[in-house]
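Here's the structure, in structure tokens; my notes come after.
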Amino acid sequence: QYTRGNADNPEQTFTRAGASMDPIPTLIPMSWDQRHTFNATVGYHKGNLGATLTGYYNSGTPYTWSPIILNPVSRVNLFPNNDYMPSSYSVDFFSYYKFKLFKLFDAQIELSIYNLFDRLNPVWVYGSTGQPYTTIIQESDRSNHRSDFNEYEDRIKNPSAYSAPRMVKLGIGFTL
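Just add 4 to the spot in the sequence shown (first one is 1) and you have the numbering used here.
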């Protein structure tokens, strides 16, 4: 199953015309087109103890590769969503233990670990390189940067380019 169209959003055709760009005469991948998704869960539950591992794999979604202005390819009218971001994977862990507390309460301790292996999965990438945290820096970029607090490279290293890091949750519940 592929998602294709001639505009990624309702304003794209209007914006391209306003920027004196050619209309898109062919079907292009939409920004949400994800070709492959695979999820698998393995669990063990016996008596008052249980655990599950869930793995997720997602192929990359399209982004628009655009060369720097100094490159001769930059004069070519490239279509949007002409390349794919890197794929991502993640593993989540969940476990529980049930027990009696003071012979009065039923208690349960839970441990949840999201992104168990602390994988840096890209959420968005730079159009010039197709990678998060990496772009082509021109001398004019550095010379136009005005800040007493950071370097130009700090602007490129944006943590929002990656999905959430490992998160550990420990919980306890009681019932009468």
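Every residue gets a Cβ at the ideal spot worked out from N, C-alpha and C, and that includes glycine.
Predicted model, so just to flag it, every value in this text is computed and none were measured.
Check, Outcome
"First through last residue of the alpha helix (DSSP H) which encompasses S147", "143-148"
"Environment of N85 [buried if 16+ CB atoms lie within 10 Å]", "buried"
"7 Å Cβ cutoff met for Q135 and V127", "no"
"Backbone CA spacing between V2 and F97 [nearest angstrom]", "In the structure as shown, the chain begins at 5 and stops at 180. Residue 2 is therefore absent and cannot be evaluated."
"Closest residue to T179 among D110, F106, I140, S144 (Cα-Cα distance)", "D110"
"Per DSSP, the bridge partner or partners of S98", "In the sequence as displayed, the identity of residue 98 is Phe instead of Ser. Answer by DSSP bridge pairing, in chain order: T56, S116."
"Residue(s) in a DSSP beta bridge with K50", "L53"
"Residues bridged to Q135 (per DSSP)", "T138"
"Those residues which DSSP pairs with S92 across a bridge", "N62"
"Under 7 Å between C-beta atoms of M34 and Y67", "no"
"Beta-carbon contacts of S92 that lie in its chain and below 6 Å, excluding the five residues immediately before and after", "N62, N125"
"When V95, I28, T65 are compared against A44, the one with the closest alpha-carbon", "V95"
"H49 versus T58 - alpha carbon distance", "15 Å"
"CA-to-CA distance, K161 to T138, given in whole angstroms", "8 Å"
"Cutoff 6 Å; reference I140; Cβ partners in own chain excluding five residues on either side", "I72, S132"
"Assumed close pair T65, Q38 - CB separation to whole angstroms, cut-off 8 Å", "5 Å"
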